[in-house]
Every structure is written in structure tokens, then in C-alpha cells.
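Here the sequence shown stands for residues 175 to 333, numbered as in the numbering used here. Built from N, CA and C at the ideal position, the CB exists for glycine as well. Okay, structure first, notes after.
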Amino acid sequence: EQCKRPGNHGLKIEITNPVNQIEKKLWTDIIIQEKVNVFFFSKNVPSQSSDLANFGLYEKQIYTTNPNNYFVNQKELSFYKTTRNLNKNVPIQRSDLFPKNLIKPNAQVKVIFKQGTISISRNATSTQYGKLNDSIKMRIKNNKFIVGRVIDYNKVKVE
Numbered sequence: 175e176q177c178k179r180p181g182n183h184g185l186k187i188e189i190t191n192p193v194n195q196i197e198k199k200l201w202t203d204i205i206i207q208e209k210v211n212v213f214f215f216s217k218n219v220p221s222q223s224s225d226l227a228n229f230g231l232y233e234k235q236i237y238t239t240n241p242n243n244y245f246v247n248q249k250e251l252s253f254y255k256t257t258r259n260l261n262k263n264v265p266i267q268r269s270d271l272f273p274k275n276l277i278k279p280n281a282q283v284k285v286i287f288k289q290g291t292i293s294i295s296r297n298a299t300s301t302q303y304g305k306l307n308d309s310i311k312m313r314i315k316n317n318k319f320i321v322g323r324v325i326d327y328n329k330v331k332v333e
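Written out as C-alpha cells, the structure is:
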């Protein structure tokens, strides 16, 4: 039952001889992998590249013990740039990329307020840099401050 999670596991095998009722217990190590769709580049990518779609993204299934190490959402890749030179036809790992600043200080941002099925948007001024999923503080017209989570270029969501 513990083997439902990907990773390295110990497996105990119990063998019983039905004739003389002698039991043997053996331990072995097994590796459980999960099949996931991940992204690859079809061209080599230089360090600090930010427009990753120019390098021929394609999707393919792999087996891995840690699916969280890989990007599985193509839109999310547009919010990152490379940390180093990347070889073509190698799965893109999270450690290969770092987040871009999607919001700069004093930029006009669209703030989306969402509560259940109701959604309202308005403009605000950011007070800091923000990367994908960062919480940032913004100033609204009456000089009050609100905090929201970065969801796109110059877009913030308040829940």
C-alpha cells in the first residue's frame, strides 16, 4: 500500500513452502515512477533567455520519481527565464528556470477581486516587484493599500 507514491521503497516478499510450511522473508528495493507529460526544447537555449517559446517547445511523456520537478503547464513557462544554457531534447526542470518579474514598482496593474462567482476588476499602482504567485502590496485611488497574488503580467488577484 505504501508503493502508491513515486520514489524509492523497500518491498518485503514473504514466501511460504506449502509442503513443509517453511517461511522465507526477503527485502528488496524498488523504484515507483509516475508517467507525466513534460516539456522539452527542440533547440539549445542560451542562459538568461526569456522568450522560451522561440526555442521550439514540445510535450512528451516521461516516467519520473518526482513529477513536481518538471513543468507540466506550457503557459506557466512564459513567466520564467533560463538559469543556464539548456540542451535540446532534455526535460525542462524547475531548477533550470527562474521566475521573471511580472510586475514592477509604480506600474499600473489590473486587480481582480473574486469572491465565489462574483468578479470585479479595477486598477491600482504596484509598490514593489512581483513574480508569479508572489503576494504584493498595491495602492488604490484613495491612498489605501491592498494585497494580492500575482497571476500574470500586470495582473493581480485578491480573494
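DSSP lists Lys199 as the beta-bridge partner residues of Glu188. Secondary structure remark: continuous alpha helix (DSSP H) runs of at least 4 residues inside the stretch 200-278, in chain order: 248-251.
It is roughly 13 Å from the alpha-carbon of Gly290 to the alpha-carbon of Lys331. A straight line joining the alpha-carbon of Asp270 with that of Arg323 spans about 24 Å. Leaving aside the five residues that flank Asn259 on each side, the residues in its chain whose CB is nearer than 8 Å to its CB run, in chain order, Asn218, Val219, Pro220, Ser221. For Thr299, the enclosing beta strand (DSSP E) covers residues 292-300.
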